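To start, the structure itself, in structure tokens.
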Amino acid sequence: MSADLSIRKEHRMSKTKERIHDSNLRYKQGLGQNFIYDEDLLAALVASSEITKDDDVLEIGPGAGSMTKYLCDAAHHVLSIELDERLIPLLTAFLAERDNFTLVQGDVMTLNLADVTKDLRKPLSVVANIPYYITTPLLTMLLASPIPIQRMALMVQKEVADKVLAQPGDDGWGMLSVRSQFYCDPYLAMDVPAKCFTPVPKVDSAFIVLPWRETPAVQVQEEADFFRVAQAAFALRRKTMTNGLCAAFHMERADAASLMQTAGLDERIRGEKLTLAEFARLADAFTAWKAKQA
30 MSADLSIRKE HRMSKTKERI HDSNLRYKQG LGQNFIYDED LLAALVASSE
80 ITKDDDVLEI GPGAGSMTKY LCDAAHHVLS IELDERLIPL LTAFLAERDN
130 FTLVQGDVMT LNLADVTKDL RKPLSVVANI PYYITTPLLT MLLASPIPIQ
180 RMALMVQKEV ADKVLAQPGD DGWGMLSVRS QFYCDPYLAM DVPAKCFTPV
230 PKVDSAFIVL PWRETPAVQV QEEADFFRVA QAAFALRRKT MTNGLCAAFH
280 MERADAASLM QTAGLDERIR GEKLTLAEFA RLADAFTAWK AKQA
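Encoded structure:
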């Protein structure tokens with residue numbers, strides 16, 4: 030379901046760029062502002078997000094509203110959260126005629142999203158052009174959010190996309206991979222070169238879609254223990270999982286070896302080689318061991 034995007038030399042540019050220019054608004058590097066003005070690309074991104082008229086959308090970082098208008102066309106309702114207060118008048122004027130659009134000014138990392146989205150249909154679809162500096166914290170927050178989400182369609186740094194999509198043993202395989210693939214079934218929608226943004230960032234991006242699983246990828250007794258065990262694996266990369274257990278949970282090596290054996294794992298295997306299913310077996314063994322220590 031992935032595709033590379035072929036960028037034409039002649040772009041069909043939106044009037045949004047003209048509005049930004051006319052407003053004398055300068056891009057804030059500190060907010061990671063990199064906007065897309067290519068109408069063909071914007072339409073392709075929204076199409077690949079698989080939004081329908083039955084969906085209510087939470088858009089994070091609408092910027093000047095270039096993608097927002099396409100989301101309004103595709104969705105039942107769009108609620109956009111924008112941090113930069115300078116953009117609020119621009120967005121309000123641009124989308125004034127849209128009766129299925131709501132704008133909230135604030136920081137998505139500190140807002141009470143349950144309260145902000147209380148009037149939206151659930152489960153939500155989340156669409157975001159995420160500033161690079163908050164990509165991992167925001168994605169981690171959304172994955173742990175109590176708000177029902179059916180899918181996320183995210184513009185992220187290519188390196189982050191590689192981590193989300195990584196497989197066991199890959200250099201990028203880590204906690205972001207585990208969390209993303211535990212709850213979602215992510216895939217690459219398209220690669221987006223740096224030249225597609227204004228101003229041009231130093232790195233390429235990718236648009237990834239994360240459909241939420243009806244049930245987690247693996248069944249575990251305690252989700253918290255599953256993530257604790259995975260964290261132990263990646264805290265000591267290139268060390269054995271047995272050593273990771275000893276270091277993370279202050280257990281005797283014999284106990285750690287016993288857990289590995291119970292989970293059907295070679296005690297010499299490195300933690301970053303484990304699959305979700307293997308983490309699940311080890312987590313359940315850890316949960317049982319922990320109960321005996323109480």
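Residues are numbered in the working numbering as their position in the sequence shown, beginning at 1, plus a constant of 29. Beta carbons: idealized from backbone N, C-alpha and C, even for Gly. Quick caveat, the model's predicted, so the values are computed rather than measured.
Exposed or buried, which one is E301 when buried takes at least 16 other CB atoms within 10 Å? As a working note, residue 301 is residue 272 in the sequence shown. Burial call: buried.
Could you give the distance in angstroms between the alpha-carbon of Y99 and the alpha-carbon of T304? The count along the sequence shown starts at 1 and reaches residue 99 at position 70. The count along the sequence shown starts at 1 and reaches residue 304 at position 275. Those two C-alpha atoms are separated by around 38 Å.
Taking the CB atoms as reference points, tell me whether L167 and I178 lie closer together than 7 Å. For the purposes of this step, residue 167 is identified with residue 138 of the sequence shown, where counting begins at 1. For the purposes of this step, residue 178 is identified with residue 149 of the sequence shown, where counting begins at 1. No, these two residues do not count as a Cβ contact at 7 Å.
Over what stretch of residues does the alpha helix (DSSP H) that includes P118 continue unbroken? Indexing the sequence shown from 1 puts residue 118 at position 89. Unbroken alpha helix (DSSP H) run through P118: I117 to F123.
Can you name the start and end residues of the alpha helix (DSSP H) that P245 belongs to? In the sequence shown, the residue the question calls residue 245 occupies position 216. Careful: P245 lies outside any alpha helix (DSSP H) and carries neither H nor E.
Supposed contact pair A73 and V86 - C-beta distance, whole angstroms, cut 8 Å: Here residue 86 refers to the residue found at position 57 when the sequence shown is read from its first residue. Here residue 73 refers to the residue found at position 44 when the sequence shown is read from its first residue. The Cβ separation is near 17 Å, so there is no contact.
With 16 as the cutoff for other CB atoms within 10 Å, does N141 come out buried or exposed? Here residue 141 corresponds to residue number 112 of the sequence shown, with the count starting at 1. So N141 ends up on the exposed side.
In this structure, how does DSSP classify M280 when only helix, strand and coil are distinguished? Position 251 of the sequence shown, counted from the first residue, corresponds to residue 280. M280 falls in the coil class under three-state DSSP.
Could you tell me which whole alpha helix (DSSP H) segments of length 4 or greater appear in the region 87-159? 97-103, 117-123 and 142-145
In the DSSP output, what is V185 paired with across the bridge? If you number the sequence shown from 1, residue 185 lands on position 156. Its beta-bridge partners are A235.
With DSSP as the reference, label R266 as helix, strand or coil. For this step, residue 266 is matched to residue 237 along the sequence shown. Correct three-state label for R266: coil.
Terminal residues of the continuous alpha helix (DSSP H) containing A320? The sequence position of residue 320 within the sequence shown is 291, counting from 1. Where A320 is concerned, the enclosing alpha helix (DSSP H) stretches over L305 to Q322.
Cβ-Cβ distance between L205 and V221 below 7 Å: Counted from its first residue, the sequence shown places residue 205 at position 176. Counted from its first residue, the sequence shown places residue 221 at position 192. No, the Cβ-Cβ distance between L205 and V221 is not below 7 Å.
Please report the distance separating the alpha-carbon of R37 from that of K319. Stepping through the sequence shown from its first residue, residue 37 is reached at position 8. Stepping through the sequence shown from its first residue, residue 319 is reached at position 290. Any reading at R37 is ruled out, since the residue's pLDDT is 42, under 50, leaving its predicted position unreliable.
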